[in-house]
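Student: First the structure, then my questions, so here it is.
In our numbering, the protein residues as written are 35 to 305.
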């Protein structure tokens, strides 16, 4: 976890390019709003923010509930060439998805191992389909998620400066029932493009289109680092910032995935 601070510095989380909300809104303020007051405002895509710098020491059997993770900046790793050399760098990208990409209602158990807290994600709205666009116009779809996250912390108390991080699973952007424009799918549909059955009689068969025809459900691994900067002991709330990396969509195995970096804020309640 010593690398956590360096990761945030390298990512430049507080850079000018990260859009900050005009006014913070707390959980209690959101709870006072009606459906019509929220509809069309974008508030449903925002995480509540916490006021206070207290500390909370979870008891045995405690859980984190109502966890919300809101990305505020996106970047995609690209190979950039300069002076005959190429290097990989994260390129800022523009989110193309409407305001439906925030994760919410996530909950899981809090465990103590050797005096250090850890969070094990169990359920909630823990994935959201999202698409970002690179400066050149290329669009990169990915499944923003923290499924099966196991985040290990640096201490036994939630307080400003508390850090935790770990790995999570990133399921395939498409499910097995998805059919591509040629009617090919993972668990249903054709096993080849209908217009190309003649390839089967060739010496090499349809090797050239094998990845397009052989749909697979890819599950990859992502990483997230989180740091608490606000704690409200009265409301049992914690809030902070995060940095996460994961792989993009592979189009069911036919494309090489790109590494996607997201940065933003999170909120959770200790129960």
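Heads up, the beta-carbon is just placed ideally off N, CA and C, and yes, glycines get one too. Bear in mind the structure is a predicted one, so any value in this text is a computation, not a measurement.
(1) With DSSP collapsed to three states, give me the class of residue 143.
(2) Can you give me the Cβ contacts of residue 295 inside the same chain, cut-off strictly under 6 Å, excluding the 5 residues immediately before and after it?
(3) Which residues bound the alpha helix (DSSP H) around residue 63?
(4) CA-CA distance, residue 115 and residue 121?
(5) If you draw a straight line from the alpha carbon of residue 208 to that of residue 84, how long is it in whole angstroms?
(6) Let's test the definition: count the other Cβ atoms within 10 Å of the Cβ of residue 297 and tell me whether it reaches 16, buried, or not, exposed.
(7) I'd like to confirm the pairing. Which residues does DSSP put opposite residue 157 in its beta bridges?
(8) How about residue 264 and residue 256: are their beta carbons less than 7 Å apart?
(9) Considering residue 245, what are the terminal residues of the alpha helix (DSSP H) in which it resides?
(10) The beta strand (DSSP E) spanning residue 184 covers which residue range?
(11) Just checking, does the stretch 179 to 196 make contact with the stretch 206 to 220 on the three C-beta pairs under 8 Å criterion?
(12) Looking at the unbroken alpha helix (DSSP H) that takes in residue 72, where does it start and where does it end?
(13) Rank 174, 138, 158 by C-alpha distance to the C-alpha of residue 293 and give the top, closest one.
(14) Taking DSSP as the reference, what is the three-state secondary structure of residue 177?
(15) Give the DSSP-derived three-state secondary structure of residue 241 in the structure shown.
(16) In angstroms, rounded to a whole number, what distance separates the CA positions of residue 285 and residue 166?
(17) Need the endpoints of the beta strand (DSSP E) that residue 102 sits in, please.
(18) Hey, could you find the ends of the beta strand (DSSP E) residue 197 is sitting in?
(19) According to the Cβ coordinates, are residue 100 and residue 137 closer than 7 Å?
(20) Pull up the CB-CB distance for residue 262 and residue 205, whole angstroms please, since I reckon it's below 8 Å.
(21) Determine whether the beta carbon atoms of residue 318 and residue 275 lie at a separation below 7 Å.
(22) Quick check on this structure: which residue in 283, 129, 302, 271 has the alpha carbon closest to the alpha carbon of residue 87?
(23) Does the distance from the CB of residue 90 to the CB of residue 304 come in under 7 Å?
(24) List the endpoints of the continuous beta strand (DSSP E) containing residue 24.
(25) Using C-beta distances below 7 Å, list every residue in its chain close to residue 63, excluding the 5 sequence neighbours before and after it, in chain order.
(26) Output the distance between the C-alpha atoms of residue 55 and residue 225, rounded to the nearest integer angstrom.
(27) Do residue 267 and residue 98 have their CB atoms nearer than 7 Å?
(28) Count the other CB atoms within 10 Å of the CB of residue 289; is the residue buried (16 or more) or exposed (fewer)?
(29) So, using beta-carbon positions, are residue 131 and residue 164 closer together than 7 Å?
Tutor: Here's the rundown:
(1) Within the chain shown, the letter at position 109 stands for residue 143. In the structure shown, residue 143 sits in a strand (DSSP, three-state: E or B).
(2) For the purposes of this step, residue 295 is taken as the residue at position 261 of the chain shown. Result list for residue 295: 109, 124, 279, in chain order.
(3) As a working note, residue 63 is residue 29 in the chain shown. Residue 63 -> alpha helix (DSSP H) spans 61 to 65.
(4) Sequence index remark: in the chain shown, residue 115 carries index 81 (1-based). Sequence index remark: in the chain shown, residue 121 carries index 87 (1-based). Distance between the alpha carbons of residue 115 and residue 121 is about 7 Å.
(5) Within the chain shown, the letter at position 174 stands for residue 208. Within the chain shown, the letter at position 50 stands for residue 84. Linking residue 208 to residue 84 through their CA atoms gives a straight-line distance of about 35 Å.
(6) Residue numbering aside, residue 297 sits at position 263 when the chain shown is read from its first letter. Answer is buried; the Cβ neighbour count reaches 16.
(7) Indexing the chain shown from 1 puts residue 157 at position 123. In DSSP, residue 157 forms a bridge with 141.
(8) Reading the chain shown from its first residue, position 230 is the one you call residue 264. Reading the chain shown from its first residue, position 222 is the one you call residue 256. For residue 264 and residue 256, no; Cβs fall outside 7 Å.
(9) Mapped onto the chain shown, residue 245 falls at position 211. That run of the alpha helix (DSSP H) goes 244 to 247.
(10) Position 150 of the chain shown, counted from the start, is the residue given in the question as residue 184. It spans 181 to 187 - the beta strand (DSSP E) in which residue 184 sits, taken as one unbroken run.
(11) Not touching, per the Cβ criterion.
(12) The sequence position of residue 72 within the chain shown is 38, counting from 1. Residue 72 -> alpha helix (DSSP H) spans 69 to 72.
(13) Numbered from 1 along the chain shown, position 259 holds the residue referred to as residue 293. With distances taken between Cα atoms, residue 293 lies closest to 174.
(14) Residue 177 sits at position 143 when you count from the first residue of the chain shown. Residue 177 falls in the strand class under three-state DSSP.
(15) Working through the chain shown from its first residue, we reach residue 241 at position 207. Residue 241 falls in the helix class under three-state DSSP.
(16) Along the chain shown, read from residue 1 onward, the residue named residue 285 stands at position 251. Along the chain shown, read from residue 1 onward, the residue named residue 166 stands at position 132. It is roughly 15 Å from the alpha-carbon of residue 285 to the alpha-carbon of residue 166.
(17) As a first step, residue 102 is located in the chain shown; it is residue number 68 there, counting from the start. Residues 97 to 116.
(18) Position 163 of the chain shown, counting from 1, holds the residue named residue 197. Segment 197 to 204, the beta strand (DSSP E) holding residue 197.
(19) If you number the chain shown from 1, residue 100 lands on position 66. If you number the chain shown from 1, residue 137 lands on position 103. In this structure, residue 137 does not lie closer than 7 Å to residue 100 by Cβ.
(20) Within the chain shown, the letter at position 228 stands for residue 262. Within the chain shown, the letter at position 171 stands for residue 205. Residue 262 to residue 205, Cβ: 28 Å. No contact.
(21) Because the chain in this structure spans residues 35 to 305, residue 318 falls outside the shown range and cannot be described.
(22) Position 53 of the chain shown, counting from 1, holds the residue named residue 87. Residue 271 is the option with its Cα nearest to residue 87.
(23) For the purposes of this step, residue 90 is taken as residue 56 along the chain shown, with counting starting at 1. For the purposes of this step, residue 304 is taken as residue 270 along the chain shown, with counting starting at 1. Yes, the pair counts as a contact, with Cβ atoms nearer than the cut-off.
(24) Because the chain here runs from 35 to 305, residue 24 falls outside it and cannot be looked at.
(25) In the chain shown, counting from the first residue as 1, residue 63 sits at position 29. Nothing listed; no residue qualifies.
(26) Translated into positions along the chain shown, residue 55 becomes position 21. Translated into positions along the chain shown, residue 225 becomes position 191. Its pLDDT being 48, under 50, residue 55 is placed unreliably by the model, and the measurement read from it follows with that caveat. Approximately 48 Å between the Cα atoms of the pair.
(27) Mapped onto the chain shown, residue 267 falls at position 233. Mapped onto the chain shown, residue 98 falls at position 64. Contact: no.
(28) For the purposes of this step, residue 289 is identified with residue 255 of the chain shown, where counting begins at 1. By the 10 Å Cβ count, residue 289 comes out exposed.
(29) Stepping through the chain shown from its first residue, residue 131 is reached at position 97. Stepping through the chain shown from its first residue, residue 164 is reached at position 130. Yes, these two residues count as a Cβ contact at 7 Å.
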